[in-house]
Every structure is written in C-alpha cells, then in structure tokens.
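Okay, so the sequence shown: first residue is 257 according to my numbering, each after it adds one.
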Amino acid sequence: MIGRLHGILTELEGNQALIDVNGVGYELEVPTGTFDDVAMTTTCTVYVHQVHLQDAMVLFGFSNKPTREFFRVLIKIPSVGPKSALAILSTYSLTQLGRIARERDDGGLTRVKGIGKRSAERIVVELANMVDQLPLAVMDAIPTSSTLQEAESALVSLGYRLGEARKAVKAAWHEDVSVEELVRKALQRLSH
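Right under this line is the structure:
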C-alpha cells in the first residue's frame, strides 16, 4: 500500500498530477486546488489513498493527512465512490464540509458535479451521524473561525476556485478581521 509520496511535481492537468519519485512517475487523481501553492518542478509531499478497481489501481493524492482522512470517511458512505468523494473535496474545504455536516445542509452538496438532491440528502445524513466519530486529524483541521468559512464561501460564490479562495483568505486573515474586510482584502490579492 502506498501511503505517501515525496517527489517532484512534473505535470498537472485538471485533477490529474504526475509526481516523479526518484525517476518513477506516479499518476494521481487530486482534488482541485491541491497544488495551488506548489510550482511545477518543485518538491512536494502527497498523502495517498490507493484504490483497487476491477481493471486498474488508482492513486488519490492529498496535500495533507486530514483531507485524506476525510476522503476515507466519504468513501465509506454508501453510494459515494472515490470520484464523487474527490469531486466533493474539490468543491468544498474541510471547514465547509464540517459546517455542512453539523447544519445538515444538503442543498450545498447539490452543487457538486454528479450529486443530485437524493444523494446529497443521504450523504449529509451519514456525515452528520459521523461528525462526532471523525478522526481527530480531520477535526483538528476544521477551523472554528466562522469568519474564514464565510469569506471562503463568499469568494467561491463569486466564481473563484476553492483553492485560490482559500489561499487568498489565509493570506489576508488576521485576528479580529470582519468578514467584509477579509473578503475585500482577499479580492485585492486575487485581482493582482
């Protein structure tokens, strides 16, 4: 079982990445935004979940352990396969998914490509039942600051990709900042 790769990011196209580890290229399926902070030909570490299908072995890569653990939680939900879990993690941050689970917000999940209203309802119910049983690594990664969550959500609703919204919000955040000010500063960063 492959659990982690440390190598050079050599290709990135959509949700597919190629990591060169000592001359061996590993193809990975990754959530959108995984490599927003990594330049091509830069060394990076990717946490891996390996899936054996009937006719192939697929590697799913994540920039940190909590995201990989949340992926593992998602694929345990009936009717959520690895591709659906990847689409969910490409659309929402762990913070947003934690909020969706706690508030049982199934409407949010219908924005994920390939997930209809019924599937969203089932997923949210399962996540809500599991929220107290999520691995500690996942719970620690879900910030409690609603300011960060609201600013990220505002930027995503304006059409920015989750990865770039998250990066801009983190760069602009400071203690006691209002949501409006945080969104304004993040938008300034995104416009340059």
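Just so you know, even glycine gets a beta-carbon here, dropped at the ideal spot from N, CA and C.
Task: Element boundaries [beta strand (DSSP E), containing L514] - done: What the structure shows of the chain is the stretch from 257 to 448, and residue 514 is not part of that stretch, so it cannot be assessed.
Open item on the list: Buried or exposed for H448, going by 16 or more other Cβ atoms inside 10 Å?
Closed with: H448 is exposed by the Cβ-count criterion.
Open item on the list: Shorter than 6 Å, the distance from the beta carbon of E325 to the closest heavy atom of the ligand HEM, or not?
Closed with: Among the components of this structure there are no ligands whatsoever, and the ligand HEM is therefore not found.
TODO: State the Cα-Cα distance for the pair A442 and D311, rounded to the nearest angstrom.
DONE: Going by the C-alpha atoms only, they are around 44 Å apart.
- [ ] Can you give me the start and stop residues for the beta strand (DSSP E) that A273 sits inside?
- [x] Start and end: Q272 to V277.
TODO: Please determine, among N278, T299 and E377, the residue with the shortest C-alpha to C-alpha distance to S335.
DONE: Minimum Cα distance to S335 is reached at E377.
Open item on the list: Ignoring anything shorter than 4 residues, give me the alpha helix (DSSP H) runs that lie fully in the region 285-370, in order along the chain.
Closed with: Segments of the alpha helix (DSSP H) lying fully in the region 285-370: 321-330, 338-347, 350-359 and 362-365.
Task: Pick from G337, V286 and L342 that is closest to G317, judged by C-alpha positions - done: Ranking G337, V286 and L342 by Cα distance to G317 puts V286 first.
TODO: From the DSSP output, in three-state form, read off L261 for me.
DONE: Here L261 sits in strand by DSSP.
Open item on the list: Bridge partners for L268 per DSSP, in chain order?
Closed with: Answer by DSSP bridge pairing, in chain order: A273.
Task: Cβ pair count under 8 Å reaching 3, the region 421-433 against the region 404-411 - done: The region 421-433 vs the region 404-411: in contact.
TODO: Check whether the Cβ atoms of A341 and I331 lie closer than 7 Å to each other.
DONE: Taking 7 Å as the Cβ cut-off, A341 and I331 qualify as a contacting pair.
- [ ] Could you give the DSSP three-state label for S447: helix, strand or coil?
- [x] The answer is helix: DSSP assigns S447 an H, G or I state.
- [ ] Please state whether DSSP places V280 in a helix, a strand or coil.
- [x] It is a strand residue.
Task: The alpha helix (DSSP H) enclosing V433, as first and last residue numbers - done: Unbroken run through V433: none, as it is neither H nor E.
TODO: Report buried or exposed for V280, applying the criterion of at least 16 other Cβ atoms within 10 angstroms of its Cβ.
DONE: The Cβ neighbour count for V280, taken over all protein chains shown within 10 Å, is under 16; the residue is labelled exposed.
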